[in-house]
Every structure is written in structure tokens, then in C-alpha cells.
Amino acid sequence: MKGIAMTSKTGTLYGIGVGPGDPELLPIKSARILSEVDTVFAAASTKNAYSLAVKIAGPHIPAGTSIQMLQFPMTQDKSETRLAWQTHAGAIITELESGKNVAFLTLGDPLTYSTYGYILKNIQEMAPHIPIVTIPGITSYQAAAACINTPLVEGEESLLVVSGVNGGDRLRQMTVKPENVVFMKAYRNIKDINAALEDADGFARCVGVSNCSLPDQKIIQDVRELNGRTPEYWTIIIAKQSHAGA
Ligand SMILES: C[S@@+](CC[C@H](N)C(=O)[O-])C[C@H]1O[C@@H](n2cnc3c(N)ncnc32)[C@H](O)[C@@H]1O
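First residue of the sequence shown? That's 1369 in our numbering, and the numbers climb one at a time after it.
Structural data, given as C-alpha cells:
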């Protein structure tokens, strides 16, 4: 077992957000923990064992650290997904109970639309004695706002952070529209997201950022440009009302 002092027989689980893509946007604390843990877990699809999170964190993981991919099915079947969370939580618990310190990696922040949230809840239920430390990461929307040098919120403004998987419905449902909206998971239903922004009337600036802080980063100055095509998976939209920031 490496450097981190043990407080009990079991190891500690560290939930680590590796940030949006640039390895320099990973917190110093997370880099230190990655240099000390015995095992790193990360989510992968069932199609391959690739993990962008592992690639981003790579410069901070010493050679010899065990890296284990947990394959999650890309399915709408909730019972299949639940089974995968439980099985993977079980595998992580086994590692922790053998005395190893473990990191679970996720992109961006670990508690924002992340697989870690489900793993965390399952481990808390299945093995409440296990010490868990979650370290925040820079979210993709913070990085996207920085990339376009635009404040996310100012003064008394509000910010709606919402998934775009079901299009713009969540924005339509708001009786009082927020001054600022972040659509995450804007890779699907982009036309409906754009339609909801237009219906809401007043969102004067709607910018898309794909692959933020990665080498192939793209800024889409007007997201209506995306109507005719499917945006990349790593796409986020920041929409601001014309009076925001006034
Ligand atoms: C499952 S969520 C993960 C969110 C992540 N935990 C966070 O804190 O940003 C996946 C969505 O996050 C957004 N995302 C994550 N990284 C991104 C990046 N580098 N550039 C643009 N969007 C990104 C995209 O909207 C993508 O569809």
C-alpha cells in the first residue's frame, strides 16, 4: 500500500474529477492523491476499454498503478444500468476491503452529471463503513465560460444547468426564465434546444463549445449553425439573455 495514511483496515475511496480535458485543469490535490493511490477505476463503454478521463489524468498516474476499466452498458434499460452500478460498486468495495486506496475518475466535476454519483450512492448503501473523500473538479461549463471569456452569472442573476438529452423541455417548463442557461449533453435534440431558446425570446447570445480545453476544441458562435448536423458528444451550450450582465 502506498503513501496515504490508513485510518482503518479498509482503504479510502477518492472521487476525482479530472476536469474538462486539459491535464493542467486537474486540482493539485487530485494530482497528489493520484500519485499515492494503489488503484484507479474509470468508466468505459462496453464497446471498448477507452477512457478519456484516464487519458487526461495519465500524466499524474505513476507507472505501476493498477488501472481498471469498469464497462457500463449504453442502454435505456434502467434495470441493466442499476445492475452495472451495483456490480461495479461491489468490485470497488472488494479492492477497498483488501486495504487498497482507490481513486474513481470522472470527467469534469465528480458530482455533476457523473457516473461517480451512482457509484458513490451504491457504495454508501452497500458498505457504509468505507471512508470516502470526494474532490471537486472543474466542470465543463466553467471551462466553456472561461474559453469564451464570458461570465456565467453576475449580480442577482440566476443560472439554469440542465441536460439537453430531452431537448429544450426543461427550459420551456420554467415560468420565470433564468438569465443564463447551460445545456449539457447537447449532442442530441439540438434543434429542439434551439427552438426552446428561440421560443423563450431574449436569449441573444447562444454559444456552443465542443471538446473544451482539448486539442480539437471548437467554438460555435451561434448554435443555430448546429441545426443541420449532430453535434459532437462533448458539446455544451451557454445561452445568455440580452439583459444579462447589464
Ligand atoms: C455525463 S456529462 C459529464 C459532465 C461532467 N461531469 C462535468 O462536470 O462537466 C457529459 C456532458 O458534459 C459536457 N462536457 C464534458 N466535458 C466537456 C468538454 N470538454 N467540452 C464540452 N462539453 C463537455 C457535454 O455536454 C457532455 O455531453
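C-beta atoms are modelled at their ideal positions from N, C-alpha and C, and glycine is treated no differently.
Only a predicted model underlies this, so the values are computations on that prediction, with no experimental measurement involved.
| Check | Outcome |
| --- | --- |
| Closest by C-alpha distance to Asn1416, when choosing among Pro1441, His1428 and Ser1403 | Pro1441 |
| Stretch-stretch touch, CB-based, cutoff 8 Å, three pairs: the region 1503-1516 with the region 1378-1394 | yes |
| Distance, Val1550 Cα to Ser1398 Cα | 26 Å |
| Whole-number beta carbon distance between Met1437 and Ser1419, since they are thought to touch under 8 Å | 6 Å |
| Inter-residue spacing [alpha-carbon to alpha-carbon] between Cys1515 and Ile1588 | 12 Å |
| CA nearest to the CA of Arg1556, picked from Glu1525, Gly1570 and Asn1595 | Asn1595 |
| When Ile1424, Gly1432, Gly1379 and Thr1378 are compared against Asn1579, the one with the closest alpha-carbon | Ile1424 |
| Span of the beta strand (DSSP E), counted from its first residue to its last, around Ser1413 | Thr1407 to Ser1413 |
| Buried/exposed call for Asp1584, threshold 16 Cβ in 10 Å | exposed |
| Asn1490, enclosing alpha helix (DSSP H) - first and last residue | Thr1483 to Met1494 |
| Member of Ala1452, Gly1432 and Leu1520 whose CA lies at the smallest distance from the CA of Val1405 | Gly1432 |
| Residues that DSSP places opposite Gly1389 in a beta bridge | Beta-bridge pairing links Gly1389 to no other residue. |
| From Met1494, Asp1537 and Thr1474, residue whose alpha carbon lies closest to that of Val1422 | Thr1474 |
| Classification of Leu1451 by the beta-carbon crowding that lies within 10 angstroms, buried from 16 upward | exposed |
| Nonlocal neighbours in the same chain, by C-beta distance under 7 Å from Asn1335, ignoring five residues either side | Residue 1335 is absent from the structure shown; the chain starts at 1369 and stops at 1614. |
| Cβ-based neighbour list, Ala1512, same chain, cut-off 7 Å, excluding 5 preceding and 5 following | Val1577, Cys1580, Ile1604 and Ile1606 |
| Distance, Thr1414 Cα to Asn1469 Cα | 26 Å |
| Where Leu1464 sits in the DSSP three-state scheme | helix |
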